[in-house]
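*Asks:* Quick one: structure below, then a few questions.
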Amino acid sequence: MNSLGIDKAPEDTRVVVAMSGGVDSSAAAALLKSEGYDVVGITLQLYDMGANAPSRAKSCCAGRDIYDARKVAEDIDIPYYVLDYESRFREEVIDDFADSYLRGETPIPCVKCNQTVKFRDLLETAHDLGADCMATGHYVQRKLGANGQAELHRAADANRDQSYFLFTTTQDQLDFLRFPLGHLTSKAETRALAARFGLEVADKPDSQDICFVPDGKYARLVEKLRPEAGEPGQIVDVNGNVMGDHRGLIHYTVGQRRGLNIGGTAEPLYVVKLVPETRQVIVGPKSALAKHSIYIKELNWLGAASIDPEGVEVEVKLRSAMAPATATIYPVADAPGQARIDLHAPQFGIAPGQAGVIYQGDRVLGGGWISSQEHNTATDGAHAA
């Protein structure tokens with residue numbers, strides 16, 4: 001059994017590495033090559049590089065990144081391919097991103113990208129290339145459970161952990177995937193690894209922006225793709241009182257306080273709900289954001305068994321940066337793929353379209369998309385139902 005858990009000699013084990021051109025995936029590819037594996041590098045061209053490529057230094061999968069990935073492949077002497085996935089990416093990720101805003105949601109396009117073009121379409125290509133597994137530079141860990149089944153765990157470095165963004169990974173995909181960097185305890189270790197192999201990207205800055213919105217101006221892109229998303233409407237409080245006008249739902253998200261341009265209230269107001277049908281932005285005090293239960297859809301469950309109808313004690317992350325909160329998860333009767341999460345303490349600013357990711361300790365049990373919320377009495381009524 002080799003270091004990847006495959007019953008072959010390394011030189012007989014083909015590993016397709018998804019190479020973004022950054023230091024993480026480059027270090028992963030170089031590490032596997034140094035261990036004697038038959039490594040093949042693949043980069044996905046996901047959007048039109050065009051004349052804007054030089055300004056996209058802080059986003060992934062840009063024109064410069066393809067150059068960097070190809071240079072790394074040459075330096076470590078592995079076959080390398082660039083696959084044109086632009087049309088798939090636009091349909092599965094960019095269009096979905098715009099449509100989510102039309103539905104009054106706050107999307108996470110990086111999860112959608114992992115769920116579709118990277119961990120579905122690219123895995124198919126890896127199989128076509130005769131790969132025994134596919135490796136990425138993500139900071140998560142794949143461990144074998146007591147029953148020998150692959151499990152998804154958080155990275156050893158809590159500050160780099162990316163498990164929240166990989167909750168849609170299915171069991172079949174997890175069986176095929178490998179994460180060579182997940183055990184490292186700091187990003188400095190990754191950069192030192194890249195430097196050890198003489199990679200020019202060892203000091204390359206991390207990507208920060210959504211790749212297809214390099215300037216960070218999400219609303220401008222959505223309005224270009226879906227002009228109706230920029231139509232103005234009313235700002236209404238939880239009691240139905242008109243507080244002012246807004247400049248389009250795409251400029252607001254649940255939990256937002258700044259930029260409402262309304263005053264004269266005894267306490268600060270926050271966005272508590274977006275209503276696309278009436279183009280209303282519902283606002284209220286911070287207490288109106290408190291939620292005790294949420295529902296998730298498209299549940300991907302990686303637990304050993306189905307969810308016990310009596311409930312399972314778990315921790316849940318409702319935003320990527322939040323600390324896990326204790327909760328109990330229940331299946332929804334006669335609604336496959338849905339679950340209810342009862343929070344042991346209320347959480348604030350929960351936005352539809354975000355993810356509810358379920359943990360037990362460091363293990364990821366799965367997750368789903370936040371679809372609706374049980375409202376407390378402060379938000380009950382015609383305008384917030």
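In terms of the UniProt record's numbering, the sequence shown has 205 at position 205, counting the first letter as 1, and numbering is strictly consecutive.
Idealized CB from N, CA, C, for every residue including glycine.
These numbers were taken from a predicted model, which means no experiment stands behind them.
Between which residues of its own chain and Ile6 is the CB-CB distance below 7 Å, once the five residues before and five after are set aside?
*Replies:* Start at 1 with the first residue of the sequence shown, and residue 6 comes out as number 6. Only Thr13, Asp132, Cys133 meet the Cβ criterion.
*Asks:* Assuming Gly22 contacts Asp206 under a Cβ cut-off of 8 Å, what Cβ separation, rounded to an integer in Å, is found between them?
*Replies:* Taking the first residue of the sequence shown as 1, we reach residue 22 at position 22. Taking the first residue of the sequence shown as 1, we reach residue 206 at position 206. 7 Å between Cβ atoms; contact.
*Asks:* With DSSP as the reference, label Tyr164 as helix, strand or coil.
*Replies:* Numbered from its first residue, the sequence shown carries residue 164 at position 164. If DSSP states are grouped into helix, strand and coil, Tyr164 belongs with the helices.
*Asks:* Quick one: using the 10 Å Cβ neighbour count with 16 as the cut-off for buried, is Met1 buried or exposed?
*Replies:* Counting from 1 along the sequence shown, the entry for residue 1 is found at position 1. Looking at its Cβ environment, which holds fewer than 16 other Cβ atoms inside 10 Å, Met1 is exposed.
*Asks:* What are the residues that DSSP puts in a beta bridge with Pro331?
*Replies:* Within the sequence shown, the letter at position 331 stands for residue 331. Bridge partners of Pro331: Ala339.
*Asks:* In the structure shown, what three-state DSSP assignment does Cys133 receive?
*Replies:* In the sequence shown, residue 133 corresponds to position 133, counting from 1. It is a strand residue.
*Asks:* What distance in whole Å lies between the Cβ atoms of Ala30 and Leu199, which are believed to be in contact at a cut-off of 8 Å?
*Replies:* Indexing the sequence shown from 1 puts residue 199 at position 199. Indexing the sequence shown from 1 puts residue 30 at position 30. Indeed they touch by this definition, with Cβ atoms about 6 Å apart.
*Asks:* Check the C-beta distance from Cys211 over to Tyr47 and give it rounded, since I have them as a contact under 8 Å.
*Replies:* The residue you call residue 211 lines up with position 211 of the sequence shown. The residue you call residue 47 lines up with position 47 of the sequence shown. Rounded, the Cβ-Cβ distance is 7 Å, consistent with contact.
*Asks:* Under three-state DSSP, which class holds Ala304?
*Replies:* Residue mapping note: residue 304 aligns to position 304 of the sequence shown, counting from 1. Coil at Ala304, not helix or strand.
*Asks:* For His292 and Leu318, I'd like the C-alpha separation in whole angstroms.
*Replies:* Sequence index remark: in the sequence shown, residue 292 carries index 292 (1-based). Sequence index remark: in the sequence shown, residue 318 carries index 318 (1-based). One C-alpha to the other measures close to 12 Å.
*Asks:* Could you check what DSSP says for His127 in three-state terms: helix, strand or coil?
*Replies:* Taking the sequence shown and counting its residues from 1, the one referred to as residue 127 is at position 127. Helix at His127.
*Asks:* Looking at C-alpha atoms only, which residue of Trp369, Ser100, Val40 is the closest neighbour of Glu223?
*Replies:* Mapped onto the sequence shown, residue 223 falls at position 223. Residue Ser100 is the option with its Cα nearest to Glu223.
*Asks:* Under the assumption that Pro353 contacts Leu299 (Cβ atoms under 8 Å), give the Cβ distance between them as a whole number of angstroms.
*Replies:* If you number the sequence shown from 1, residue 353 lands on position 353. If you number the sequence shown from 1, residue 299 lands on position 299. The sequence shown places Gly at residue 353, rather than the Pro named in the question. No, Gly353 and Leu299 are not in contact; Cβ-Cβ is about 15 Å, not under 8 Å.
*Asks:* Rounded to whole angstroms, what is the Cα-Cα separation between Leu274 and Leu166?
*Replies:* For the purposes of this step, residue 274 is taken as residue 274 along the sequence shown, with counting starting at 1. For the purposes of this step, residue 166 is taken as residue 166 along the sequence shown, with counting starting at 1. Leu274 and Leu166: Cα-Cα distance of roughly 27 Å.
*Asks:* What's the call for Asp149, buried or exposed, on a 16-neighbour Cβ count within 10 Å?
*Replies:* Walking along the sequence shown from the start, residue 149 turns up at place 149. At residue 149 the sequence reads Gln, which differs from the Asp that was named. Result: exposed.
*Asks:* Just to check my reading of the structure: Thr106 and Ala69 have Cβ atoms closer than 8 Å, yes? What is that Cβ distance to the nearest angstrom?
*Replies:* As a working mapping, residue 106 is identified with position 106 in the sequence shown. As a working mapping, residue 69 is identified with position 69 in the sequence shown. With 8 Å as the limit, Thr106 and Ala69 do not qualify as a contact, their Cβ atoms being about 31 Å apart.
*Asks:* For Val15, does the three-state DSSP call read helix, strand or coil?
*Replies:* Within the sequence shown, residue 15 is the residue found at index 15, counting from 1. Three-state result, Val15: strand.
*Asks:* In whole angstroms, give me the CA-to-CA distance for His138 and Lys71.
*Replies:* Stepping through the sequence shown from its first residue, residue 138 is reached at position 138. Stepping through the sequence shown from its first residue, residue 71 is reached at position 71. If I take the Cα positions, the gap works out to 20 Å.
*Asks:* Would you report the Cα separation of Ser25 and Arg88, rounded to the nearest angstrom?
*Replies:* Position 25 of the sequence shown, counted from the first residue, corresponds to residue 25. Position 88 of the sequence shown, counted from the first residue, corresponds to residue 88. Cα-Cα distance, rounded: 22 Å.
*Asks:* Do the CB positions of Leu129 and Val16 come within less than 7 Å of each other?
*Replies:* The residue given as residue 129 occupies position 129 in the sequence shown. The residue given as residue 16 occupies position 16 in the sequence shown. Yes, these two residues count as a Cβ contact at 7 Å.
*Asks:* List the DSSP bridge partners of Arg142.
*Replies:* Sequence index remark: in the sequence shown, residue 142 carries index 142 (1-based). Paired residue(s): Leu152.
*Asks:* Between which residues of its own chain and Asp172 is the CB-CB distance below 8 Å, once the five residues before and five after are set aside?
*Replies:* Against the sequence shown, residue 172 aligns to sequence position 172. Cβ neighbours of Asp172 beyond the five flanking positions: none.
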